[in-house]
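Note sheet for the following structure.
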Amino acid sequence: MEQYICNRCGKKYDITPTIWRCECSGVLDLVKDTPEIDVAAWNNYPNSVWRYFETMPFAKDSRTWESVTMGEGGSPLIVLDPLEPTTYVKVDYMMPTLSFKDRGAAVLMTKAKELGVSKVIADSSGNAGTAIAAYAARCNIACDIYLSDETSPKKIAQIKAHGATIKEIHGTREDIAAAAQKAVDEEKVFYASHVYNPYFYEGTKTYAYEIYEQLQGAPDSLIIPVGNGTLVLGAYYGFKELFENKLIEKMPKIIAIQAANCAPLVKAYEKDDAIADPVTNQGTLAEGIAIAAPARSKQILEAVRETKGTFIDIKEEEILNSREILADKGFYVEVTTAANYAGYLKYKKEPGEKMIIPLCGAGIKSK
Ligand SMILES: Cc1ncc(COP(=O)(O)O)c(C=O)c1O
Ligand SMILES: [Zn+2]
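With UniProt numbering, letter number 126 in the sequence shown gets 126, and the count goes up by one each step, no holes.
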């Protein structure tokens, strides 16, 4: 049976529908060894995140995922511009709910279904909420999504369409999370949190596995937008598993991008701190990464430092310009993804450096 372990104090817990954090308030990880990767087994599964099912902490004969999947994963890797043949975009908005969060939501909701839960609660800046709402509908599980009253109307419409109950909160992203957590504890339901639940990262790690297959190896570096770190940590865990299985020779550098107006991780990195102090969000168009107090800051900082990567912050005026440049190249992305591309434009690339930029969210979803 799988177990959770506190990242702060090391206490272990059996996995139950209601546990989501340690008594000491630390975040929980899965107790697990590096999976032994059997590359040949991947072809026994559909071309989706489930191709890597055997690397995930589920019973090997579990078939729950088959009734949950909507074909998430397996996104294209494309050379962005023939003049820069070593820069690729991974088109992760080609997903059921149009963002990369479907990778994590499909795996997390598969676990919720296995645990037999009848209701989930989540809080989100938008995309995780749309993904959890869609997969909850797919699993016939009731769902409440807590979000800001300033969330993009199209994301709210998408969540409503899936029959989830919207709890609109006027306040900071942290107020919204606190309201959801209070409801989770009072109602004693499953917290389908992309931040706290480690199964979400078992889904986002497939980002690395796919790149490994598409490039037949690892890239030199990854540009990744970071708020709560679901893609940074997922990519890190995935490449780490490949590295420990000796399938790649080195870890790619993780170059993590934040909006300058809400950049707790950039500040911690620059001060050489182990944990990010909360900041005040000064307001950013990049709603997906406007996280003033990331709960997994210690792990994010460790991952980026271990890969010899770095953090870059982006000013508001740089974001919209980048959205136009990508649209001129044929890719219509949401604002948060444009901020990430702005990070790429700012990064000082080595000649021939093989880089991947995720296009995390579709343009049609944001303002
Ligand atoms: C389009 C997009 N990109 C990036 C992110 C950042 O993900 P995370 O907060 O997990 O770091 C989000 C989060 O909502 C997002 O919606
Ligand atoms: Zn603890």
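Quick reminder that beta carbons are idealized off the backbone N, C-alpha and C, glycines included. Keep in mind the model is a prediction, meaning the values are calculated, not measured.
* Asked: Where does Gln-3 sit, in a helix, a strand or coil, going by DSSP?
  -> Here residue 3 refers to the residue found at position 3 when the sequence shown is read from its first residue. Secondary structure of Gln-3 (DSSP, three-state): strand.
* Span separating the alpha-carbon of Pro-46 from that of Tyr-52 -> If you number the sequence shown from 1, residue 46 lands on position 46. If you number the sequence shown from 1, residue 52 lands on position 52. The straight-line gap from Cα to Cα measures roughly 9 Å.
* **Per DSSP, the bridge partner or partners of Pro-225** => Working through the sequence shown from its first residue, we reach residue 225 at position 225. Beta-bridge pairing links Pro-225 to Ile-257.
* To do: Could you pull out every residue in the same chain whose Cβ sits closer than 6 Å to the Cβ of Trp-20, ignoring the five residues on either side in sequence?
  => In the sequence shown, the residue the question calls residue 20 occupies position 20. Short of 6 Å from the beta carbon of Trp-20, and not among the five residues preceding or following it, lie these beta carbons of its own chain, in chain order: Tyr-191, Tyr-196.
* Glu-210 beta carbon near ligand 2 (any heavy atom closer than 8 Å) -> Counting from 1 along the sequence shown, the entry for residue 210 is found at position 210. No, the Cβ of Glu-210 stays beyond 8 Å of every heavy atom of ligand 2.
* **Cβ pair Ala-268, Glu-174 closer than 9 Å** => Your numbering for residue 268 matches position 268 in the sequence shown. Your numbering for residue 174 matches position 174 in the sequence shown. Ala-268 is not a Cβ neighbour of Glu-174, given a cutoff of 9 Å.
* **With 16 other Cβ atoms within 10 Å as the buried cut-off, status of Glu-287** => Locating residue 287 in the sequence shown gives position 287, where the first residue counts as 1. Within a 10 Å sphere around the beta-carbon of Glu-287 sit 16 or more other beta-carbons, which makes this residue buried.
* Asked: Would you call the CB atoms of Ile-141 and Thr-165 closer than 9 Å?
  -> As a position in the sequence shown, residue 141 is number 141, starting the count at 1. As a position in the sequence shown, residue 165 is number 165, starting the count at 1. Contact flag unset, no.
* Asked: From Tyr-93 to Glu-2, what distance separates their C-alpha atoms?
  -> Numbered from 1 along the sequence shown, position 93 holds the residue referred to as residue 93. Numbered from 1 along the sequence shown, position 2 holds the residue referred to as residue 2. Rounded to the nearest angstrom, the two C-alpha atoms are 31 Å apart.
* To do: Could you tell me which residues DSSP puts in a beta bridge with Ile-78?
  => What you label residue 78 is simply residue 78 of the sequence shown in a count that begins at 1. In the DSSP output, where bridge partners are listed per residue, Ile-78 has Val-89.
* May I ask you to report which of helix, strand or coil DSSP gives Ala-142? => Residue numbering aside, residue 142 sits at position 142 when the sequence shown is read from its first letter. Strand, per DSSP.
* Asked: In the segment 158-209, which residue ranges form an unbroken beta strand (DSSP E) of at least 3 residues, counting only runs that do not cross its ends?
  -> Taken in chain order, the complete beta strand (DSSP E) segments of 3 residues or longer contained in the segment 158-209 are 165-169.
* To do: Mind checking who Pro-358 pairs with in its DSSP beta bridge?
  => Translated into positions along the sequence shown, residue 358 becomes position 358. Answer is Lys-90.
* Asked: In its own chain, which residues sit with a C-beta less than 6 Å from the C-beta of Ser-322, not counting the 5 before and 5 after it?
  -> Stepping through the sequence shown from its first residue, residue 322 is reached at position 322. For Ser-322, where only same-chain residues beyond five positions count, the Cβ hits under 6 Å are Ala-338, Tyr-341, Ala-342.
* To do: Quick one: give me the first and last residue of the beta strand (DSSP E) that Tyr-30 is part of.
  => Your numbering for residue 30 matches position 30 in the sequence shown. Inspection of the sequence shows that residue 30 is occupied by Leu rather than by Tyr. From DSSP, the beta strand (DSSP E) with Leu-30 extends over 28-30.
* To do: Measure from the alpha carbon of Lys-365 to the alpha carbon of each residue in Leu-222, Val-49, Asp-220, Thr-151, then state which is nearest.
  => As a working mapping, residue 365 is identified with position 365 in the sequence shown. Minimum Cα distance to Lys-365 is reached at Thr-151.
* To do: Check whether the segment 16-32 touches the segment 70-79, taking contact to mean three or more Cβ pairs, one atom from each stretch, closer than 8 Å.
  => Taking a cut-off of 8 Å for Cβ pairs, the segment 16-32 and the segment 70-79 do not touch, as fewer than three such pairs fall below it.
* To do: Return helix, strand or coil for Ser-322, following the three-state DSSP convention.
  => By one-based count along the sequence shown, residue 322 stands at place 322. It is helical.
* Skipping 5 residues on each side, what residues in its chain have a beta carbon closer than 7 Å to that of Thr-55? -> Locating residue 55 in the sequence shown gives position 55, where the first residue counts as 1. Cβ within range, chain order: Pro-35, Ile-37, Glu-241.
* Asked: Looking only at C-alpha atoms, which of Ile-159, Ala-263, Glu-213, Ile-15 sits nearest to Trp-42?
  -> Here residue 42 refers to the residue found at position 42 of the sequence shown. Considering only alpha carbons, the answer is Glu-213.
* Asked: If you draw a straight line from the C-alpha of Ala-327 to the C-alpha of Ile-319, how long is it?
  -> Position 327 of the sequence shown, counted from the first residue, corresponds to residue 327. Position 319 of the sequence shown, counted from the first residue, corresponds to residue 319. Going from the Cα of Ala-327 to the Cα of Ile-319 covers about 13 Å.
* Note down the Cα distance separating Ile-132 from Glu-306, rounded to an integer number of angstroms. => Here residue 132 is taken as the residue at index 132 of the sequence shown, counted from 1. Here residue 306 is taken as the residue at index 306 of the sequence shown, counted from 1. So the two alpha carbons sit approximately 31 Å from each other.
* Is it a yes or a no for the segment 91-105 touching the segment 352-364, going by three-plus beta-carbon pairs under 8 Å? -> Result yes; three or more Cβ-Cβ pairs closer than 8 Å.
* Asked: Quick one: any contact between the segment 211-229 and the segment 351-359, if contact means 3 or more CB pairs under 8 Å?
  -> With three or more CB-CB distances shorter than 8 Å, the segment 211-229 counts as touching the segment 351-359.
* **Spatial neighbours of Lys-119 in its chain, beta-carbon cut-off 8 Å, leaving aside the 5 residues before and after** => Taking the first residue of the sequence shown as 1, we reach residue 119 at position 119. Within the same chain, and ignoring the five residues on either side of Lys-119 in sequence, the residues whose Cβ sits closer than 8 Å to its Cβ are Ile-141, Ala-142, Cys-143, Asp-144, Glu-187, Val-189, Phe-190.
* Determine the contact status of Leu-247 and Ser-297, defining contact as a CB-CB distance below 9 Å. => To locate residue 247, count along the sequence shown from 1; it is residue 247. To locate residue 297, count along the sequence shown from 1; it is residue 297. Ser-297 sits away from Leu-247, with the two beta carbons spaced by 9 Å or more.
* Can you tell me where the beta strand (DSSP E) with Asp-14 in it begins and where it stops? -> For the purposes of this step, residue 14 is identified with residue 14 of the sequence shown, where counting begins at 1. Unbroken beta strand (DSSP E) run through Asp-14: 12-14.
* Exposed or buried, Arg-63, counting other C-beta atoms within 10 Å across all chains shown (16 or more means buried)? -> Residue 63 sits at position 63 when you count from the first residue of the sequence shown. In this structure Arg-63 is exposed. Its beta-carbon is surrounded by fewer than 16 other beta-carbon atoms within 10 angstroms.
* Asked: Does the separation of the CB atoms of Thr-204 and Ala-177 fall below 9 Å?
  -> If you number the sequence shown from 1, residue 204 lands on position 204. If you number the sequence shown from 1, residue 177 lands on position 177. No, Cβ-Cβ distance for Thr-204 and Ala-177 is not below 9 Å.
* Asked: Can you tell me whether DSSP reads Ile-291 as helix, strand or coil?
  -> The residue you call residue 291 lines up with position 291 of the sequence shown. Three-state DSSP puts Ile-291 in coil, outside helix and strand.
* Asked: Which parts of the segment 241-285 are runs of the alpha helix (DSSP H), unbroken and 4 residues or longer, counting only runs that do not cross its ends?
  -> Runs of the alpha helix (DSSP H) inside the segment 241-285: 264-270.
* Are the Cβ atoms of Asp-185 and His-170 separated by less than 9 Å? -> As a position in the sequence shown, residue 185 is number 185, starting the count at 1. As a position in the sequence shown, residue 170 is number 170, starting the count at 1. Note that the C-beta distance between Asp-185 and His-170 is not below 9 Å.
* Distance between Arg-103 and Asn-139 (C-alpha atoms, nearest Å) -> Numbered from 1 along the sequence shown, position 139 holds the residue referred to as residue 139. Numbered from 1 along the sequence shown, position 103 holds the residue referred to as residue 103. Note on residue identity: the sequence assigns Cys, not Asn, to residue 139. Answer to the nearest angstrom: the Cα atoms are 16 Å apart.
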